[in-house]
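Counting the sequence shown from 1 gives a position; the working numbering is that position plus 559. Note that the Cβ used here is the ideal one computed from N, Cα and C, for glycine as well. Since this is a predicted model, take the numbers as computed values, not measurements.
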Amino acid sequence: MSEAAGFLGSFEAVVRQTTLSLATGVEAICAVIVGYAVLETLWKLAAQHRRGAERSGAGSMETLRLRLGHWLALVLELLLAADILKTAVAPTWDDIGKLAAIAGIRTALNYFLDREVREEQRLQAAPPALPPHPLPHNHP
560 MSEAAGFLGS FEAVVRQTTL SLATGVEAIC AVIVGYAVLE TLWKLAAQHR
610 RGAERSGAGS METLRLRLGH WLALVLELLL AADILKTAVA PTWDDIGKLA
660 AIAGIRTALN YFLDREVREE QRLQAAPPAL PPHPLPHNHP
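Below you can see the structure in the form of structure tokens.
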């Protein structure tokens, strides 16, 4: 009986350590993605600045924001997955509560970021509004 309990305890420890290592790996990948996204955005912003403000209007700035927003939304999804992994092996209710709070904040951030990105995409896809016609209309 003691041998079975020892095996189960060892197996549980291996599963716990593997799960936590996987979650840590996901978090490390997220840090790399955020670093890449920020560097990409800054690089493109500098390129726009070199071309001159007159040729790169607000639309190009919004395109940069959208691209960065997509990267950040991806990272938030991956971090939520890491939180779920941690919750699966959390030993105490206190740990579970902390992870739930973090997951809730990340979910809310992702929701609002996604909403803003979708709205900006919708605005960019809409045809530009026509300016008012300079000539008066003759109505009988």
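Take the alpha-carbon of L581 and the one of E599: they are about 27 Å apart. In the structure shown, T651 adopts coil according to DSSP, grouped into three states. The stretch 634-643 makes contact with the stretch 587-607: 3 or more CB pairs, one atom from each, lie closer than 8 Å. Take the alpha-carbon of L627 and the one of A563: they are about 51 Å apart. When the five nearest sequence neighbours on each side are left out, the beta carbons in the same chain lying within less than 8 Å of the beta carbon of Q680 are those of L625, in order along the chain.
Taking C-beta atoms as the reference points, L604 and L579 fail to come closer than 9 Å. Note on the stretch 560-640: whole alpha helix (DSSP H) runs with a minimum of 4 residues are 561-610, in chain order. Between the C-alpha atoms of I661 and T646 there is a straight-line separation of about 11 Å. In this structure, DSSP gives A667 a helical state, which the three-state scheme calls helix.
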